[in-house]
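Under my numbering, the first residue of the sequence shown carries the number 396, and numbering increases by one thereafter.
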Amino acid sequence: MSESTNTDVDVDVVIVGAGFAGMYQLVRMRRAGFSAVVLETADDVGGTWYWNRYPGARCDILTVDYSYSWDPELEQEWTWSERYATQPEILRYAQFVADKHDLRRDIRFNTRVESAEWNDDTNRWTIHTDKGADVTAKFYVMATGCLSMPKVPDIEGTDRFQGEVYFTNTWPHDGVDFTGKRVAVIGTGSSGIQSIPIIAEQADQLTVFQRTPNFSIPARNGPIDEQRLAEYRKDPAAYREEARHSGIGVPRTPPDVSALAVSDEERRDAYEAVWQRGELAFLQPYNDMGINAEANDTMRRFIHDKIRSIVDDPEVAELLCPTNHYFATKRPCLDTGYFQTFNLPHVRLVDLHAHPITTITETGIELSGKDGDESMEFDVIVFATGFDAMTGAIVGVDITGRDGLSLRDAWAHGPETYLGLMSVGFPNLFMITGPGSPSVLSNMMVSIEQHVDWITDTLEHLRATNAEAIEPTELAQAKWVQHSNDIANLTLLPTANSWYMGANIPGKPSVFLPYPGGVGAYREICDEVVDRDYLGFAISGPNGTRVNDGIIRQLKPDIAGLLAAMAELGLPPIESMSVEDARAFAEESGAMNPPGPDVGEVVDGTLPGADGAELEYRLYRPSTPGPHPLVAYFHGGGWVLGDHTSDDALCRDLCNQSGAVIVSVDYRHAPETRFPAAVDDGLAATTWIADHAEELGGIPGQLAVAGWSAGANVAAVTAQQAKLVGGPTIVGQMLLNPVTDCDFTRPSYIDNAEGYILTEGLMEWFWDHYCDPDDRTDPKASPLRADDLSGLPPAMIVTCQFDPLRDEGDAYADALAAAGVPVRHLQCEGQTHTSIGMVGVLVTGAYARAEMAEALQSFFGASVTSGV
Ligand code: N01
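This is the structure:
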């Protein structure tokens, strides 16, 4: 489209950006019969591959993967010349596609979008450009790329330099000749690492200014791998489909072995294979390198050794070894002779931590350092300093949504999107590979195509249903952001000061920007949103607005992963087993969990239960000097399973965090001894602990009861019985997922009847073994049914969303509060009956354990300190 067409125009869809995303979006709009125009700042297509023309610029995903799949003819019509194509070749590919599909006629080049605003009356966007012409459109698609807004130089004196200045991300089209020049390169990310070896070939002197050393492995570029090509050619459609459902958009069977589960030799061989292979998609041969620091460290050390073996000067080698972030928590690089470059006599590495730049001057760069200041003269400075990633290009346009809301303001504390596709307050505005989608953690081609397809399908749906506007709901968006963060927090990714976290831009909020759940899982989510009738969206039309509010992923990701792994094992339900088998199974499963944290001391002993029974107990003592307050703890297991050691990790954690002595009691179990043996033992044991407080290293009078599940039932009943019989004194009750009632008709029993380990069937099995139906309404079995709950000790009650027992726990908290008992009530979203106690296995419930410990401390008064 020539500039003469830069007149006001009204279309169905305006697309900003003519890179791979915008080009494909245009194709899909045309095919779907929507009128569309693309606005592009550059004078041709290509997006990032138009601008990033620095020497050595290449893709870092194999070209066999990094190409469009939507036009199968391209396979025949285009042949890549190398494993990793150069920027000119990738740009030619984009131009070839533009020619083939005659895309340019709908693209306005040399046109920068400056602002855009939504009009609620007309349900249309108005896009203002630097050409003065406006475009109005019903739908507005930002196809502006994730790494397209250059980082503004933040080094003092940048403007003063009188020599040549270049930015890798906006490189001159005619190239740069460094011959005979003294060159400075600032930045050692992918752009620096790719360009430095080539600049070194030409320059008279090259000085590399490094703030953070980066992990890089050899790209081993060359002819396309025959083996990979063969894999692909066997069945291109199946290959592409596998890529779409993979982790990062490249077909690969995920590893299922821990880096710590193999011998040093085996691991070294695996890492050597990674080093030889030179492919980002295969960097992690073990399943815990991204989540476990110790596992990750094995790769870190391997690469350090490689760097030391390549770089001659040991001091320089050490400077090049990344030590302040875990492997792959910043985008790793593929290089061609990068580390070798530092063996050249005219190349120098400056460590900016030891020698920070004080200023750039008219003629060079001044550094400070413990040995004094240094002034270096240059002819050329190259900034390879990166991008305002993921959000920069989007908020670079002044976008105003509903009710005058500015996107910049809406995202002031970090981008908030639903699925990385849309944002509340900005109807009909779509982002391709926006923050909150896999985007930069994936093969961009796969992610771009998925977004374009989803957006196109959605626009077709809106058209077919006569709808005018679509917008996410607040709840769906907030919970998506939370879900994305929950996954990121399970990984090492947020530990690095990376551009993934916005850390490279001064003042940018520290938020993990891409969605780290993998492209396959993400695609399933996007499809499920549609299948569930656009869950989490409000869609409006002539007949009003239909809000389909909801949350697409509620279960915490670590729990979802565990449940999925368990489902794969196809274990029989416990309720189908004999009691003996169920106990053996529970014991075996418990033994697979990691040991809990160390405590000061663990002591085993016995104490008298009711009816002369001798009960075993295990005491956990904090490492802090005693005496300590005491907690009589009752384990879970439906009155049938478990013993005084089965909640070991949880007891250790509570002991450490609360600073109390935890005495875990092996009360008698059903079916051998049925109701009320367990609760009678609860009272007897608590009484004995109170009477022997000093002997146990406790503070007399400072005794709480606690328990999980059926154990919390024992604890709750103990507190009630102690009130009724006049002792012992109990200062608090901490109840995690308590059984408080025998009624199975509450919604949580129905909603969570199956799928979350504790099932309705299992609860029936427990109750049947424990208690005759006629006895179940007795408050000693169903403490919620007690006539008078007043005067009971202060309570902490923890309930979990995906627990059949949730509602009875909530009801007990409400009933206690109504009776005037101080209650702290924690309702854990996304958690299950078993998840909070899984110390060292699941991490998303850690906050609940911290609050439980805090509650115990509050029962005992402020003087108690934690045992860690
Ligand atoms: O940018 P970067 P990039 N003083 O942000 C340093 C993709 N890409 O353009 O790490 C001194 O990674 C900064 O230091 P630090 C790819 O996804 C792909 O290289 O912030 N130094 C860092 O060393 C990549 O990750 C290819 O401490 C300063 C460097 O500049 C992404 O684009 C090729 C500084 C910037 O590295 C970005 O890569 C190129 C300062 N004030 C890019 N400010 C392919 O191969 C910044 N730095 C496909």
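Glycine included, C-beta positions come from ideal geometry on N, C-alpha and C.
To test your reading of the DSSP string, which unbroken alpha helix (DSSP H) runs of 4 or more residues are found completely within the region 697–781? 709–715, 733–736
Whole-angstrom Cβ separation of L469 and S462, contact assumed at under 8 Å? 7 Å
Check the DSSP bridge columns for W520 and list the partner residues they point to. W513, A532
Apart from the five residues just before and just after S1258, which ones in its own chain have a Cβ nearer than 7 Å to its Cβ? Residue placement at S1258 cannot be trusted, given a pLDDT of 44 that sits under 50; the coordinates are not used to answer.
Nearest by alpha-carbon distance to L744: which of E713, V1234, T758 is it? E713
Could you name the residues of the same chain whose beta carbon sits closer than 7 Å to that of C541, not counting the 5 residues immediately before and after it, in chain order? A784, M785, T828, S834, V835
Report the rounded CA-to-CA distance for I705 versus H699, giving the unit in angstroms. 10 Å
M1247: first and last residue of the uninterrupted alpha helix (DSSP H) it sits in: 1241–1255
First and last residue of the uninterrupted beta strand (DSSP E) at Y1015: 1009–1016
Throw me the rounded Cβ distance for the I882 and P952 pair, which I believe falls under 8 Å. 5 Å
Determine the closest residue to Q1128 out of R662, M544, M817, H1220, with distance taken between C-alpha atoms. For the residues R662, M544, M817, H1220, the minimum Cα distance to Q1128 belongs to H1220.
Three Cβ pairs or more, each shorter than 8 Å: is that satisfied between the region 1177–1188 and the region 1205–1225? The answer is yes - the region 1205–1225 touches the region 1177–1188, with three or more Cβ pairs under 8 Å.
Nearest to L678 by CA position, among F610, T736, L624, is which residue? F610
Relative to the C-alpha of H846, which residue among E866, F825, L857 is closest? F825
Paired residues, beta bridge with N342 - DSSP: Residue coverage of the chain in this structure runs from 396 to 1263, which leaves residue 342 outside it and unanswerable.
For the beta strand (DSSP E) that L434 lies in, which residues bound it at each end? 431–434
Ordered along the chain, which non-local residues of its own chain (more than five positions away) have a Cβ less than 6 Å from that of L498? M418, L421
If I follow the unbroken alpha helix (DSSP H) through E468, where does it start and stop? Membership of E468 in the alpha helix (DSSP H) is indicated by the continuous run 468–472.
Out of P646, G575, R803, which one is the CA nearest neighbour of Y627? P646
Could you pull the DSSP bridge partners for L542 from this structure? For L542, DSSP records no beta bridge to any residue.
Candidates V906, H741, M839, E869: which alpha carbon is nearest H808's? V906
May I ask which residues mark the beginning and end of the beta strand (DSSP E) holding A1099? 1093–1103
Considering only the alpha carbon of each residue, which of T753, A749, Y561 lies closest to K765? Answer by Cα proximity: A749.
From A1027, A1105, S1059, V1056, pick the residue whose C-alpha is nearest to that of A1065; which is it? A1105
Would you call S399 buried or exposed, if buried means 16 or more other Cβ atoms sit within 10 Å of its Cβ? Low confidence applies to S399: its pLDDT is 41, below 50, so where it sits in the model is not reliable, and the reading given next is rough at best. Around the C-beta of S399, fewer than 16 other C-beta atoms lie within 10 Å, and the residue is accordingly described as exposed.
For M1129, which of helix, strand or coil comes out of DSSP? strand
Would D1076 pass as a contact of A1008 if the rule is Cβ separation under 8 Å? yes
For the region 847–867 against the region 922–942, do three or more pairs of beta-carbon atoms, one drawn from each stretch, fall closer than 8 Å, so that the two count as touching? yes
Per DSSP, cross-strand counterpart(s) of L405: According to the sequence provided, residue 405 is Asp. The question's Leu does not apply to it. Within the DSSP bridge table, the entry for D405 names T531 as partners.
Between the beta-carbon of S1053 and the beta-carbon of H1030, is there less than 8 Å? no
From the DSSP output, in three-state form, read off R448 for me. coil
F821 and G796 closer than 8 Å at C-beta: Contact: yes.
Cutoff 6 Å; reference T381; Cβ partners in own chain excluding five residues on either side: This structure does not reach residue 381, given that the chain is present from 396 up to 1263, and the question cannot be answered.
S832: buried (16+ other C-beta within 10 angstroms of its C-beta) or exposed? buried
Thinking C-alpha only, which one of T1124, V1109, I686, F773 is nearest I1094? Minimum Cα distance to I1094 is reached at T1124.
Inter-stretch contact at 8 Å, needing at least 3 Cβ pairs: the region 525–539 / the region 730–742: no
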